[in-house]
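Novice: There's a structure below that I have some questions on.
Number of protein chains: 4
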Amino acid sequence: MGKIQYINDLKKWEQEFRFYHSVTVRFSETDMFGHLNNTIPFVYFEGARIEYFHTLGFMQDWVLPESDTIPVVADLQCDFLQQVFFNEQLKIYVKASIVGNSSVDLHYMGKKEDHSICFVGRGTMVQISKRTGKSIPWTELMRQLLEKDVPVQL
Amino acid sequence: MGKIQYINDLKKWEQEFRFYHSVTVRFSETDMFGHLNNTIPFVYFEGARIEYFHTLGFMQDWVLPESDTIPVVADLQCDFLQQVFFNEQLKIYVKASIVGNSSVDLHYMGKKEDHSICFVGRGTMVQISKRTGKSIPWTELMRQLLEKDVPVQL
Amino acid sequence: MGKIQYINDLKKWEQEFRFYHSVTVRFSETDMFGHLNNTIPFVYFEGARIEYFHTLGFMQDWVLPESDTIPVVADLQCDFLQQVFFNEQLKIYVKASIVGNSSVDLHYMGKKEDHSICFVGRGTMVQISKRTGKSIPWTELMRQLLEKDVPVQL
Amino acid sequence: MGKIQYINDLKKWEQEFRFYHSVTVRFSETDMFGHLNNTIPFVYFEGARIEYFHTLGFMQDWVLPESDTIPVVADLQCDFLQQVFFNEQLKIYVKASIVGNSSVDLHYMGKKEDHSICFVGRGTMVQISKRTGKSIPWTELMRQLLEKDVPVQL
Chain B
6 MGKIQYINDL KKWEQEFRFY HSVTVRFSET DMFGHLNNTI PFVYFEGARI EYFHTLGFMQ
66 DWVLPESDTI PVVADLQCDF LQQVFFNEQL KIYVKASIVG NSSVDLHYMG KKEDHSICFV
126 GRGTMVQISK RTGKSIPWTE LMRQLLEKDV PVQL
Chain X
6 MGKIQYINDL KKWEQEFRFY HSVTVRFSET DMFGHLNNTI PFVYFEGARI EYFHTLGFMQ
66 DWVLPESDTI PVVADLQCDF LQQVFFNEQL KIYVKASIVG NSSVDLHYMG KKEDHSICFV
126 GRGTMVQISK RTGKSIPWTE LMRQLLEKDV PVQL
Chain F
6 MGKIQYINDL KKWEQEFRFY HSVTVRFSET DMFGHLNNTI PFVYFEGARI EYFHTLGFMQ
66 DWVLPESDTI PVVADLQCDF LQQVFFNEQL KIYVKASIVG NSSVDLHYMG KKEDHSICFV
126 GRGTMVQISK RTGKSIPWTE LMRQLLEKDV PVQL
Chain P
6 MGKIQYINDL KKWEQEFRFY HSVTVRFSET DMFGHLNNTI PFVYFEGARI EYFHTLGFMQ
66 DWVLPESDTI PVVADLQCDF LQQVFFNEQL KIYVKASIVG NSSVDLHYMG KKEDHSICFV
126 GRGTMVQISK RTGKSIPWTE LMRQLLEKDV PVQL
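Those protein sequences? They're chains B, X, F and P, same order as listed.
Numbered according to the working numbering, the first sequence spans residues 6 to 159.
Numbered according to the working numbering, the second sequence spans residues 6 to 159.
Numbered according to the working numbering, the third sequence spans residues 6 to 159.
Numbered according to the working numbering, the fourth sequence spans residues 6 to 159.
Structure, rendered in structure tokens:
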């Protein structure tokens with residue numbers, strides 16, 4: 006595994022994750038090359054991120070039709086370290102990395118059953134107003150909840 | 006091709022289609038068996054149906070956030086006649102078959118570049134109220150537009 | 006719920022299912038009408054069917070690169086009885102209905118957490134040769150395993 | 006639009022693209038927030054990249070069952086600059102940026118009909134052996150074809 010810009014110390018980075026979401030690779034997620042299609046880890050990231058936000062209590066409001074705020078993806082990236090195959094059980098880990106005013110940088114790690122890492126990723130989410138499209142700052146409570154999950158940088 | 010319940014006379018049925026929507030099979034739509042995954046023709050049916058409704062002028066209203074009516078699928082079926090492969094160019098034909106009070110039965114036919122039929126299908130769409138979930142009758146104009154497309158049964 | 010051709014006695018039909026596969030509705034599986042997109046139950050059917058075949062011991066061979074036989078879908082249908090929403094937990098039931106020489110008719114039932122049925126379906130799978138595309142009869146063992154699951158018709 | 010690491014001079018970067026692939030946003034690609042789901046630009050990147058490789062003459066060999074080499078994605082990233090909606094017609098531009106021994110860095114740009122950029126991206130593709138999983142150097146011809154498309158850096 007070559008140098009990945011958003012990972013300083015892989016060992017440390019790997020150990021900082023606490024939350025994960027489990028998925029099993031679907032048949033319809035493979036492609037004719039016989040492995041997981043490259044677009045699917047982003048589907049897994051979304052699923053894991055939503056579960057993560059759900060445990061923080063954010064998602065419940067965002068999906069209410071009357072809620073004006075929704076989370077949107079500002080950017081996303083994935084580094085593919087190993088091929089993944091049909092029916093493999095993966096754990097998709099998520100952690101908050103940097104908390105901004107209305108945004109949060111999330112990191113992702115996909116692990117196989119043998120605990121080897123198959124892909125890693127990151128991406129910034131921003132809370133915006135559905136009506137105006139403008140960013141909306143986190144409430145004090147939201148910020149605290151997110152920051153509690155950011156690993157302490159010594 | 007065995008007997009398909011919703012097709013009486015295949016030759017006649019085939020010739021009644023006037024509208025089609027073109028698609029090219031995407032790589033991510035194949036699966037590890039090397040062909041088009043069986044769930045994708047339903048994606049193509051949706052694309053063709055929406056284009057079809059668009060030419061009738063229905064879709065434009067349905068997607069307005071303030072519109073109370075939306076079309077929903079009551080049932081869908083597909084008969085797979087030939088395997089389909091990556092990068093094939095398909096024509097997805099659509100026609101109205103039976104027009105109900107608030108519903109329409111649509112028929113579908115997928116053809117390869119050599120004009121052979123690769124899959125056929127049908128399904129009933131119903132216009133409902135987003136608010137109540139109840140069916141909403143077609144306006145007189147909608148009904149006329151749909152009926153104009155139903156082949157005359159002699 | 007209107008009359009569905011492949012269901013004679015709904016109560017009896019519902020009780021005959023023994024196998025199910027659990028899914029949670031993903032965010033990316035919703036569409037702008039705010040509910041589960043109509044193409045996704047077919048993805049769930051595939052997932053449940055594969056798990057079902059896996060418990061019978063069929064799937065393990067079919068996915069070996071050296072295996073000449075693969076299962077293909079001959080037809081598929083779905084009747085949508087209720088709207089389904091983001092994050093709902095569904096049980097997707099599968100049972101064998103009619104076992105042919107090289108084919109099997111599978112029935113499907115999707116249930117919400119409140120045990121209400123949200124969609125039902127059926128479809129024929131055929132075992133074919135990857136090389137020739139021709140159908141390949143079940144082995145005696147396969148047939149016995151499938152027939153054991155077909156409800157006794159009194 | 007903030008600073009994006011892989012774009013030095015946006016104006017220049019934008020003008021270097023020559024190849025594009027057209028897509029129309031499908032209904033099933035939207036989500037309940039009413040816009041294009043964040044996982045879909047990666048599907049569009051794949052489609053555009055494959056068309057791009059097809060025009061270079063690479064894709065035709067890679068999809069032959071007897072071919073030992075296939076292209077795999079080493080990493081992928083996308084920056085989302087604007088929300089995208091149902092039925093919008095997008096042009097997905099692709100260009101080669103850096104040609105390695107067995108890899109190539111591709112850049113992507115999605116544009117709306119009004120020529121505004123809605124998302125940009127990049128990612129490295131590597132040619133590997135299906136059998137060994139090891140990287141396989143480009144042939145001299147492949148390298149020339151890829152390098153011809155890399156914008157001259159003055």
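Even for Gly, the Cβ is constructed at its ideal location relative to N, Cα and C.
Verify the CB distance criterion: does N92 of chain F have a CB-CB separation below 7 angstroms to chain P?
Specialist: Not one chain P Cβ lies under 7 angstroms of N92 of chain F.
Novice: What do you get for L159 of chain F, buried or exposed, if any count of 16 or more other CB atoms within 10 angstroms of its CB means buried?
Specialist: Only weak support exists for where L159 of chain F lies, its pLDDT of 48 falling under 50; the value from the coordinates is given anyway. So L159 of chain F ends up on the exposed side.
Novice: Check the C-beta distance from F91 of chain F over to V68 of chain B and give it rounded, since I have them as a contact under 8 angstroms.
Specialist: Contact flag correct, Cβ pair sits at about 6 angstroms.
Novice: Given this structure, state the Cα-to-Cα distance separating E56 of chain B from R127 of chain X, to the nearest angstrom.
Specialist: Roughly 37 angstroms separates the two Cα atoms.
Novice: Listing by chain order, which chain X residues have their CB less than 9 angstroms from the CB of F63 of chain P?
Specialist: Those within 9 angstroms of F63 of chain P in chain X number zero; the least Cβ separation is about 13 angstroms.
Novice: If you compare alpha carbons, which of B:P76, B:H40 and B:I12 is closest to D36 of chain P?
Specialist: Looking at the Cα atoms, B:P76 is the closest of the given residues.
Novice: Anything in chain F within Cβ reach of T44 of chain P, meaning under 7 angstroms, just list it in chain order.
Specialist: Those within 7 angstroms of T44 of chain P in chain F are S33.
Novice: What whole-angstrom Cβ distance do F47 of chain X and V99 of chain X have, given they're in contact under 8 angstroms?
Specialist: Not really, about 13 angstroms apart at Cβ, beyond 8 angstroms.
Novice: Using a Cβ-Cβ distance under 7 angstroms, would I75 of chain X count as near chain P?
Specialist: With 7 angstroms as the cut-off, I75 of chain X does not count as an interface residue toward chain P.
Novice: Specify the secondary structure class of L64 of chain X as computed by DSSP and reduced to three states.
Specialist: It is Met, not Leu, that sits at residue 64 of chain X in the sequence shown. If DSSP states are grouped into helix, strand and coil, M64 of chain X belongs with the helices.
Novice: Where V109 of chain P and K116 of chain P are concerned, what is the direct C-alpha to C-alpha distance, given to the nearest angstrom?
Specialist: When rounded, the distance between both Cα atoms is 23 angstroms.
Novice: How would you list, in chain order, the residues of chain F whose beta-carbon sits under 7 angstroms from the beta-carbon of E71 of chain B?
Specialist: Per Cβ cutoff of 7 angstroms: no residues; E71 of chain B is ~13 angstroms from chain F at best.
Novice: If you drop the 5 nearest sequence neighbours on each side, which residues of the same chain put their C-beta closer than 6 angstroms to that of H112 of chain B?
Specialist: So the qualifying residues of the chain are K100, S102 and R127.
Novice: Along the chain, where does the beta strand (DSSP E) that runs through R127 of chain X open and close?
Specialist: It spans I122 to S134 - the beta strand (DSSP E) in which R127 of chain X sits, taken as one unbroken run.
Novice: Closer than 6 angstroms by C-beta to Y49 of chain B: which residues in its own chain qualify, once you throw out the five before and the five after it? Chain order, please.
Specialist: Cβ neighbours of Y49 of chain B beyond the five flanking positions: V28 and I97.
Novice: Relative to the alpha-carbon of G138 of chain P, which residue among B:F22, B:H40 and B:T74 has its alpha-carbon at the smallest distance?
Specialist: Comparing Cα-Cα distances from G138 of chain P to each of B:F22, B:H40 and B:T74, the minimum goes to B:H40.
Novice: If you measure between the beta carbons of F85 of chain F and V78 of chain X, is that distance less than 7 angstroms?
Specialist: Yes; because the gap between Cβ atoms is below 7 angstroms, this pair is in contact.
Novice: The alpha helix (DSSP H) spanning M147 of chain X covers which residue range?
Specialist: Here the alpha helix (DSSP H) through M147 of chain X covers E145 to D154.
Novice: Could you say which of X:K135, X:M147, X:L151 and X:V155 lies nearest to E71 of chain X if we only look at CA atoms?
Specialist: It is X:K135 whose Cα lies nearest to the Cα of E71 of chain X.
Novice: Looking at C-alpha atoms only, which residue of F:A53, F:N13 and F:N43 is the closest neighbour of F32 of chain P?
Specialist: The candidate whose alpha carbon is nearest that of F32 of chain P is F:N43.
Novice: Could you tell me which chain B residues have their CB closer than 8 angstroms to the CB of G138 of chain P, listed as they occur along the chain?
Specialist: Q88, listed in chain order.
Novice: Closer than 7 angstroms, CB to CB, is D80 of chain F near chain X or not?
Specialist: Closer than 7 angstroms: yes.
Novice: State the Cα-Cα distance for the pair M6 of chain F and Q10 of chain X, rounded to the nearest angstrom.
Specialist: No answer about M6 of chain F holds up, because its pLDDT of 49 lies below 50 and its placement is not dependable.
Novice: Quick one: is E51 of chain F near chain B, going by C-beta distance under 7 angstroms?
Specialist: So, interface residue.
Novice: Who are the near neighbours of L150 of chain B in its chain, counting only those whose CB is closer than 6 angstroms to its CB and skipping five residues on each side?
Specialist: Only L61 meet the Cβ criterion.
Novice: Can you tell me which of the three DSSP states K116 of chain P falls into?
Specialist: Strand, per DSSP.
Novice: Pull up the CB-CB distance for F22 of chain F and M114 of chain F, whole angstroms please, since I reckon it's below 8 angstroms.
Specialist: Contact holds; Cβ gap of about 6 angstroms.
Novice: Over what stretch of residues does the alpha helix (DSSP H) that includes K139 of chain P continue unbroken?
Specialist: Where K139 of chain P is concerned, there is no enclosing alpha helix (DSSP H), given that its DSSP letter is neither H nor E.
Novice: From what residue to what residue does the alpha helix (DSSP H) around L69 of chain F run?
Specialist: From DSSP, L69 of chain F is part of no alpha helix (DSSP H); its letter is neither H nor E.
Novice: Using the beta-carbon of each residue, which ones in chain F are nearer than 8 angstroms to V48 of chain X?
Specialist: Simply T44.
Novice: Once you ignore the five residues that flank T74 of chain P on each side, which residues in its own chain have a CB closer than 8 angstroms to its CB?
Specialist: So the list reads D66, W67, Q132, I133, S134, K135 and I141, once near-sequence residues are dropped.
Novice: Would you decide whether S121 of chain X is buried or exposed? Buried here means 16 or more other CB atoms lie within 10 Å of its CB.
Specialist: Exposed is the call here.
Novice: Does I55 of chain P come within less than 7 angstroms of chain X when only Cβ atoms are used?
Specialist: It does: the Cβ of I55 of chain P has a partner Cβ on chain X nearer than 7 angstroms.
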